[in-house]
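Heads up: the structure comes next, in structure tokens.
In the numbering used here, the protein residues as written are 10 to 465.
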């Protein structure tokens, strides 16, 4: 596909003509040639549909047609009298065996590889010598050199001859791009001339990715750092996209699992991939497909992440192919989760008794984690009551203050707190608070915990 670019000349060469000229053809897959002629079945011309009602006539119809109609592979038939007949079930589609080369630059999308066949032609009657050719891509942000023959110039291009080369560029930016082709050469009179030509094209976004991050509220005794990531991919091109890979690459300390309707979960691990995964079709002109990932934070990573205050979850790696197999690849920016607030101390419930009886002591298994890089403690654990509550439904059984030793940096200690319930039904344990006796500092209490109190 040849494209005529606007020729720009330097001021010193604006009045002279050039012997050379660039011609650019984008190298991409050809398209199917669609020929929509009226195709006929010969039996419809010589007989009606009711001929099949007579079994004898129907059985004789096919041999009769075979004797008078040449097969499409019969090379002796030079009249092409059967070119409008249906020989195959795919003939009504109008797809011939021909492919059509593109006639223009066409649409160029982010993530594709721009491949161009460039020919520099000598249209004069004289030979040009010592030709230095350069080709580069210019964007709003950068300039990328694709070809430079300065160290080994083309010795000569004869009159009417040409010099051809191919350049490739991975498209990583949106917006206007310019393919700049320049030639520095000696013309037939020995004059040194400089020829620049510019070929402009736009790069569009082939797809859009919309993400949604949600973190379910789990009971306090379920200490699982779980986040769900929804990704919606929409096709903005005029051709179907076959998604080979839509993988989520989790950040450090995170693990990812893609959730699918067939319940066959495949873990996001670059070292273990399925042998064959059929591509997912996203249709042209606004087709969408949704992906759901379950992200889990490791126990050590939970502490480290909260200390650093980072909420980076990871990024998506997307690869696809078009109808004729042209590849594309995109990588999203880092996807951020819910902002993580740094806490020096975290108090979690590890275990709650399955049966809690009225006015009977029960033990609550708790875990105290030091999320700082220094030693903290010793601590006192107590049950603080809000002045609005008139009666104490759940109380500590025994001493009202429990002493805990010091906790090393990034370490934890677990302990049991004996409680007693004084009222039946669904009750709440509120106000479990940790106090640092050395720093004279109280930490946020444990979130309210619901229990069910039954009779013996």
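For each residue, glycine too, the CB sits at the ideal point set by N, CA and C.
Which residues mark the beginning and the end of the beta strand (DSSP E) in which residue i is found?
i           : result
residue 338 : 336-340
residue 177 : 171-179
residue 266 : 263-268
residue 192 : 184-195
residue 293 : It is not in any beta strand (DSSP E) - residue 293 carries neither H nor E in the DSSP assignment.
residue 151 : Looking at the DSSP string, residue 151 is not in any beta strand (DSSP E), and its letter there is neither H nor E.
residue 32  : 29-35
residue 244 : 235-244
residue 413 : 410-413
residue 356 : 354-360
residue 463 : 458-463
residue 437 : 434-438
residue 165 : 163-166
residue 403 : 403-405
Quick one: Cα of residue i to Cα of residue j, how far?
i           : j           : result
residue 155 : residue 189 : 10 Å
residue 28  : residue 139 : 13 Å
residue 180 : residue 196 : 35 Å
residue 243 : residue 299 : 9 Å
residue 121 : residue 108 : 22 Å
residue 278 : residue 259 : At residue 278, the pLDDT of 49 sits below 50, so the modelled position is not reliable; the number obtained from the coordinates is stated separately. Approximately 9 Å between the Cα atoms of the pair.
residue 273 : residue 445 : Model confidence at residue 273 stands at a pLDDT of 49, short of 50, so the residue's coordinates are unreliable; what they give is reported in the following sentence. If you take the alpha carbons of residue 273 and residue 445, they lie about 48 Å apart.
residue 234 : residue 262 : 11 Å
residue 38  : residue 264 : 39 Å
residue 425 : residue 320 : 32 Å
residue 416 : residue 380 : 10 Å
residue 303 : residue 355 : 24 Å
residue 340 : residue 206 : 33 Å
residue 172 : residue 186 : 24 Å
residue 232 : residue 225 : Residue confidence for residue 232 is low, a pLDDT of 49 falling below 50, so the modelled location carries little weight and cannot support an answer.
residue 402 : residue 217 : 54 Å
residue 346 : residue 353 : 21 Å
residue 201 : residue 194 : 6 Å
residue 255 : residue 289 : 10 Å
residue 134 : residue 169 : 7 Å
residue 17  : residue 191 : With a pLDDT of 39 at residue 17, under the threshold of 50, the modelled position of that residue is not reliable, and no figure is offered here.
residue 435 : residue 393 : 20 Å
residue 342 : residue 404 : 50 Å
residue 30  : residue 129 : 6 Å
residue 110 : residue 132 : 25 Å
residue 253 : residue 215 : 15 Å
residue 316 : residue 378 : Because residue 316 sits at a pLDDT of 49, beneath the cut-off of 50, its placement in the model cannot be relied upon, and the following sentence gives the value as read from the coordinates. Each residue's Cα considered, the two are about 12 Å apart.
residue 230 : residue 387 : Residue placement at residue 230 cannot be trusted, given a pLDDT of 48 that sits under 50; what the coordinates show is reported in the next sentence. So the two alpha carbons sit approximately 24 Å from each other.
residue 144 : residue 238 : 43 Å
residue 11  : residue 344 : Only weak support is given to the placement of residue 11: the predicted model assigns it a pLDDT of 37, under 50, and the question is left unresolved by the model.
residue 359 : residue 249 : 50 Å
residue 184 : residue 460 : 59 Å
residue 442 : residue 410 : 10 Å
residue 270 : residue 301 : 10 Å
residue 362 : residue 457 : 16 Å
residue 423 : residue 455 : 14 Å
residue 324 : residue 251 : 20 Å
residue 33  : residue 125 : 7 Å
residue 357 : residue 437 : 16 Å
DSSP puts residue i in a beta bridge; with which residues?
i           : result
residue 372 : 427
residue 113 : In the DSSP output, where bridge partners are listed per residue, residue 113 has none listed.
residue 254 : 328
residue 198 : None, per the DSSP bridge assignment.
residue 118 : 213
residue 445 : 388, 450
residue 65  : BP columns for residue 65 are empty, so no partner.
residue 259 : 323
residue 302 : 238, 267
residue 383 : Residue 383 pairs with nothing; no bridge assigned.
residue 223 : 237
residue 157 : 143
residue 123 : 178
residue 128 : 32, 173
residue 378 : 355, 421
residue 108 : 41
Should residue i be flagged as near chain B, meaning a C-beta pair shorter than 7 Å?
i           : result
residue 248 : Absent here is chain B; the protein component of the structure consists of one chain.
Touching by the beta-carbon criterion (3+ pairs, under 8 Å), the segment 364-377 and the segment 151-166
no
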